[in-house]
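Trainee: A single structure is presented below for examination.
In the numbering used here, the protein residues as written are 259 to 494.
Here it is as structure tokens:
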């Protein structure tokens, strides 16, 4: 791997080992399957997806990519995990989705090749897994057209998020494999908004994602203290 690639080899290896389980709704990726309708509706509620060119950064096995393509978008999913992309490609082939392609590359590399090429860019559950999240935000800003939308999701950094996202989710409830997240890589909303503004993106909308372990239900509200989503727009 290029030493300048904004990726943690340990993180890539971690998700590559689980790649074959990506589309199993009862696997380690169950939370992604459960929250995907929520995040898809949130995105579609803010911008039209039909006939739009959409980039999904850090697409993994393609759960969000496929759902946006089913809404009529022309989607390109990118990731640096070869195994995850192969799973995504196979699933899209089996589902006979024509408006969806995948590419093994980074957002930073693609930004040099295709600046301003996309109406919508999504970067979900990915920023907390890279060494330099600011660089990813900047690349997303370069990739979207003026006036276009960029959507981010990540995890806040505070004692509550440590308790809920790591201790609770990984050790108590076992929603995720142990070691999925590192507290030091969590990003405060103020930090993410700062990265976005520096890159020419205006934060337009923020929501929090909540979970009830008893009912096993997720929902979206205004509490951004743990998992949160931010919608931004590029200055026209």
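Ideal Cβ placement from N, Cα and C applies to all residues, glycine included.
Indicate whether the contact test is met: 3 or more Cβ pairs, each with one atom in the region 290-307 and one in the region 349-369, closer than 8 Å.
Mentor: When Cβ pairs closer than 8 Å are counted between the two stretches, the region 290-307 is seen not to touch the region 349-369, the count staying below three.
Trainee: Looking only at its chain, what residues have a beta carbon closer than 7 Å to the beta carbon of residue 291, apart from the 5 residues adjacent to it on each side?
Mentor: Along the chain shown, read from residue 1 onward, the residue named residue 291 stands at position 33. The residues are 283 and 321.
Trainee: In chain order, what residues of the same chain have a beta carbon less than 8 Å from the beta carbon of residue 389, not counting five sequence neighbours either side?
Mentor: For this step, residue 389 is matched to residue 131 along the chain shown. Cβ neighbours of residue 389 within its own chain (closer than 8 Å, five residues either side excluded): 264, 265 and 266.
Trainee: By the three-class DSSP mapping on this structure, what secondary structure does residue 497 have?
Mentor: Since the first residue shown for the chain is 259 and the last is 494, residue 497 is missing from the structure and cannot be characterised.
Trainee: Excluding the 5 residues preceding and the 5 following residue 400 in the sequence, name in chain order all residues of the same chain whose CB lies nearer than 7 Å to its CB.
Mentor: The residue you call residue 400 lines up with position 142 of the chain shown. The residues are 369 and 373.
Trainee: Look up residue 424 in the DSSP assignment and say whether it is helix, strand or coil.
Mentor: One-based indexing of the chain shown puts residue 424 at position 166. Residue 424: helix per DSSP, three-state reduction.
Trainee: When you compare the CB positions of residue 489 and residue 304, do they come within less than 9 Å of one another, or not?
Mentor: If you number the chain shown from 1, residue 489 lands on position 231. If you number the chain shown from 1, residue 304 lands on position 46. Yes, they are a contact pair.
Trainee: Roughly how many angstroms lie between the CA atoms of residue 339 and residue 289, to the nearest whole one?
Mentor: Taking the chain shown and counting its residues from 1, the one referred to as residue 339 is at position 81. Taking the chain shown and counting its residues from 1, the one referred to as residue 289 is at position 31. C-alpha separation (whole angstroms): 20 Å.
Trainee: Which same chain residues end up closer than 8 Å to residue 413 when comparing Cβ atoms and leaving out the 5 residues on each side of it in sequence?
Mentor: The count along the chain shown starts at 1 and reaches residue 413 at position 155. Spatial neighbours of residue 413 in its own chain (CB-CB distance under 8 Å, excluding positions within 5 residues in sequence) are listed in chain order as 386, 419, 423, 439, 444, 445, 484, 485 and 486.
Trainee: Could you have a look at residue 478 and say whether DSSP puts it in helix, strand or coil?
Mentor: Here residue 478 corresponds to residue number 220 of the chain shown, with the count starting at 1. In this structure, residue 478 counts as strand in the three-state DSSP scheme.
Trainee: Looking only at its chain, what residues have a beta carbon closer than 7 Å to the beta carbon of residue 393, apart from the 5 residues adjacent to it on each side?
Mentor: In the chain shown, counting from the first residue as 1, residue 393 sits at position 135. Closer than 7 Å at the Cβ level, and outside the excluded window around residue 393, lie 264 and 366.
Trainee: From residue 326 to residue 421, what does the alpha carbon distance come to, in whole angstroms?
Mentor: Start at 1 with the first residue of the chain shown, and residue 326 comes out as number 68. Start at 1 with the first residue of the chain shown, and residue 421 comes out as number 163. Cα-Cα distance, rounded: 32 Å.
Trainee: Can you tell me where the alpha helix (DSSP H) with residue 303 in it begins and where it stops?
Mentor: What you label residue 303 is simply residue 45 of the chain shown in a count that begins at 1. Residues 288-304.
Trainee: What does DSSP give as the partner residue(s) for residue 489 in the beta ladder?
Mentor: As a working mapping, residue 489 is identified with position 231 in the chain shown. Answer is 409 and 463, bridged to residue 489.
Trainee: Apart from the five residues just before and just after residue 260, which ones in its own chain have a Cβ nearer than 7 Å to its Cβ?
Mentor: Locating residue 260 in the chain shown gives position 2, counting from the first residue. Only weak support is given to the placement of residue 260: the predicted model assigns it a pLDDT of 40, under 50, and the value that follows is read from those uncertain coordinates. Scanning its chain for C-beta atoms nearer than 7 Å, with the 5 sequence neighbours on each side dropped, one finds no residue around residue 260.
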